[in-house]
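A.B. asks: Residue numbers for the sequence shown follow numbering that gives the first Met the number 0, so the first one is 0 and each next one is one higher.
Virtual Cβ for every residue (Gly too), placed ideally from N, Cα, C.
I have a structure here, written as structure tokens, and I will follow up with some questions on it.
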Amino acid sequence: MDRPSPDVTGPARRWLLALYATSAVLVAIQKGVLTQSNNFAVFRWAAINLLAGTDLYAAHPGQHLDFYKYSPTFALLFLPFARPPFALALLAWNLLNALLLYYALVRLLPGRPGVIALALVYLELLLSLQYTQSNALVAASMILAFLAFERGRQLGAALWIALGTFIKLFPLAGVTLALFHPRRWRFAVLLAGLAVVLAALPLVVVSPDALAAQYRSWRAIEAADTLNRGYSLMQYLYMWVGADWPNWPVQLAGTVLLLLPLALGRRRWGEYRFRLRFFCSILVYVVLFNHQSETATFVIAFTGIAIWYVSS
0 MDRPSPDVTG PARRWLLALY ATSAVLVAIQ KGVLTQSNNF AVFRWAAINL LAGTDLYAAH
60 PGQHLDFYKY SPTFALLFLP FARPPFALAL LAWNLLNALL LYYALVRLLP GRPGVIALAL
120 VYLELLLSLQ YTQSNALVAA SMILAFLAFE RGRQLGAALW IALGTFIKLF PLAGVTLALF
180 HPRRWRFAVL LAGLAVVLAA LPLVVVSPDA LAAQYRSWRA IEAADTLNRG YSLMQYLYMW
240 VGADWPNWPV QLAGTVLLLL PLALGRRRWG EYRFRLRFFC SILVYVVLFN HQSETATFVI
300 AFTGIAIWYV SS
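Take a look at the structure:
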């Protein structure tokens, strides 16, 4: 009887797990003990300000040096990180980001491909951790949504997309993955229901009028950012050829390019490799064509590139 082949990638995975976890600890010391991360202070104070009924999106120079631009729901969900001491809370936040991305990649890419992808993504993850941002969490939520779709778990897919979207809007692009699977209307209803629940979740701590005011302020600050280019393709076009035009034509062109393979390759919708490559395109698209892309955001795009590389 043939013996099963030993898992030669197991030690490498464990080393990478240790690397991811150790990096989370070291960054927590760097940004929580030696200094105090302004980005993390923004998130913590948002949770406190939500409870106090203060406008989340106003300037708070006595608290931090930037503006909060996430949803009221994210502020509520961040409450467990607002209560503990700064460094301890930052450690928990970093571990959540690093280990959830590790878990998602290992689930998606077992064996050697997963090890290579984890190694390729590591430096971008480290950069995101040093900015104490949520981008690794967003990337992980999108991967887990893709996996849920592939396993026929529409509720799971809807939940990961909804949760990710209330952190950053990027995962909303994942709804296109529903095109590959049956019962699309059921998924749409599930996603809409979860979105309503998550949007209303802050009502457990604030009044309806106060929550409506927070959403108006959020819309106003997001509208003010629509002319920004960040680190998106629009910014590089402006730098290279002086293209000083609105963002939406380039974003529209990018969306058409993203969806073009779906129209031309409909016969291949049943192929896992086609669906996986389209998912990789989504991960790159949400960064490349997003006017709010930052240095730390590129962990999402690099995750897509790494998945594409190891699965080619």
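(1) With a threshold of 8 Å, are at least 3 pairs of Cβ atoms found where one atom belongs to the region 200–211 and the other to the region 221–233?
(2) Pull up the distance between the alpha-carbon of Met141 and that of Ile115, whole angstroms please.
(3) Which of helix, strand or coil does DSSP assign to Asp243?
(4) Which class does Val204 belong to by DSSP, given the choice of helix, strand or coil?
(5) Please report the distance separating the alpha-carbon of Ala262 from that of Trp268.
(6) For Ser140, report the span of its alpha helix (DSSP H) as first-last.
(7) Rank Ala147, Thr164, Gln291 and Phe42 by C-alpha distance to the C-alpha of Ala156 and give the top, closest one.
(8) Under the rule that 16 or more other beta-carbon atoms within 10 Å means buried, what is Gly192, buried or exposed?
(9) Between Leu171 and the rest of its own chain, which residues show a CB-CB distance below 6 Å, the 5 nearest in sequence each way excluded?
(10) Quick check on DSSP: helix, strand or coil for Tyr67?
(11) If contact is defined by three or more beta carbon pairs under 8 Å, each pair taking one atom from either stretch, is the region 123–132 in contact with the region 21–35?
(12) Please report the straight-line C-alpha distance between Ile299 and Ser206, rounded to a whole angstrom.
(13) Could you give the residue range of the alpha helix (DSSP H) that holds Phe85?
(14) For Ile28, which option in Leu78, Val195, Leu15 and Ala86 has the closest C-alpha, if you only look at C-alpha atoms?
(15) CA-CA distance, Val324 and Trp217?
(16) Taking Ala81 as part of the alpha helix (DSSP H), name the residues at either end of that continuous run.
(17) When you compare only the Cα positions, how much space is there between Thr53 and Leu18?
(18) Using the beta-carbon count (16 or more within 10 Å), is Val285 buried or exposed?
(19) Below 6 Å CB to CB, which residues in the same chain sit around Ile160 once its five sequence neighbours on both sides are set aside?
(20) Alpha carbon to alpha carbon, what distance is there between Pro112 and Ala305?
(21) Counting C-beta neighbours from all protein chains within 10 Å, is the total for Gly241 16 or more, i.e. buried, or is it exposed?
(22) Residues in the same chain with beta-carbon distance under 7 Å from Leu16, minus the five sequence neighbours each way, listed in chain order, please.
(23) From the DSSP output, in three-state form, read off Asp1 for me.
(24) Return the CA-CA distance between Val249 and Leu168, expressed in angstroms with no decimal places.
(25) Here's the rule I'm using: 16 or more other beta-carbon atoms within 10 Å means buried, otherwise exposed. How should Pro10 be labelled?
(26) Taking the alpha-carbon positions, what's the His290 to Thr296 distance?
(27) Please list the terminal residues of the continuous alpha helix (DSSP H) segment that includes Val196.
(28) Considering just the uninterrupted stretch of the alpha helix (DSSP H) at Gln129, what are its terminal residues?
(29) If you check the beta carbons only, do Ile220 and Tyr56 fall under 9 Å apart?
(30) Apart from the five residues on each side of it in sequence, which residues of its chain come closer than 6 Å, Cβ to Cβ, to Trp92?
C.D. replies: The answer reads as follows:
(1) The region 200–211 and the region 221–233 do not touch, with fewer than 3 CB-CB distances between them shorter than 8 Å.
(2) Met141 and Ile115 have their alpha carbons spaced roughly 19 Å apart.
(3) When secondary structure is reduced to three states using DSSP, Asp243 falls in the coil class, being assigned neither helix nor strand.
(4) Three-state DSSP puts Val204 in coil, outside helix and strand.
(5) The alpha-carbon atoms of Ala262 and Trp268 are separated by roughly 10 Å.
(6) Counting along the chain, the alpha helix (DSSP H) containing Ser140 begins and ends at Asn134 to Glu149.
(7) Of the candidates Ala147, Thr164, Gln291 and Phe42, the one whose C-alpha sits nearest the C-alpha of Ala156 is Ala147.
(8) With fewer than 16 neighbouring CB atoms inside 10 Å of its own CB, Gly192 falls in the exposed class.
(9) Within the same chain, Leu171 has close Cβ partners Thr164.
(10) Here Tyr67 sits in coil by DSSP.
(11) Enough Cβ pairs lie closer than 8 Å, so yes.
(12) Whole-angstrom Cα-Cα distance: 35 Å.
(13) First-last of the alpha helix (DSSP H) with Phe85: Phe85 to Leu107.
(14) The shortest C-alpha separation from Ile28 is found at Ala86.
(15) This structure leaves residue 324 out entirely; the chain is present only between 0 and 311.
(16) Ala81 -> alpha helix (DSSP H) spans Leu78 to Ala81.
(17) Each residue's alpha carbon lies about 39 Å from the other.
(18) Burial call: buried.
(19) Once the five neighbours on either side are set aside, the close Cβ partners of Ile160 are Ala144, Pro170 and Gly173.
(20) Taking the straight line from one Cα to the other gives about 9 Å.
(21) Gly241 comes out exposed.
(22) The residues are Tyr101.
(23) Confidence in Asp1 is poor, its pLDDT being 44 and thus under 50, which makes the residue's placement unreliable; the coordinate value appears in the next sentence. Correct three-state label for Asp1: coil.
(24) Computed Cα separation, rounded: 18 Å.
(25) Looking at its Cβ environment, which holds fewer than 16 other Cβ atoms inside 10 Å, Pro10 is exposed.
(26) Spanning the two alpha carbons is a distance of roughly 11 Å.
(27) Looking at the DSSP string, the run of the alpha helix (DSSP H) that includes Val196 is Arg183 to Ala199.
(28) Per DSSP, the unbroken alpha helix (DSSP H) holding Gln129 starts and ends at Arg111 to Gln129.
(29) It is a contact, given that the beta carbons lie within the stated cut-off.
(30) Result list for Trp92: Phe80, in chain order.
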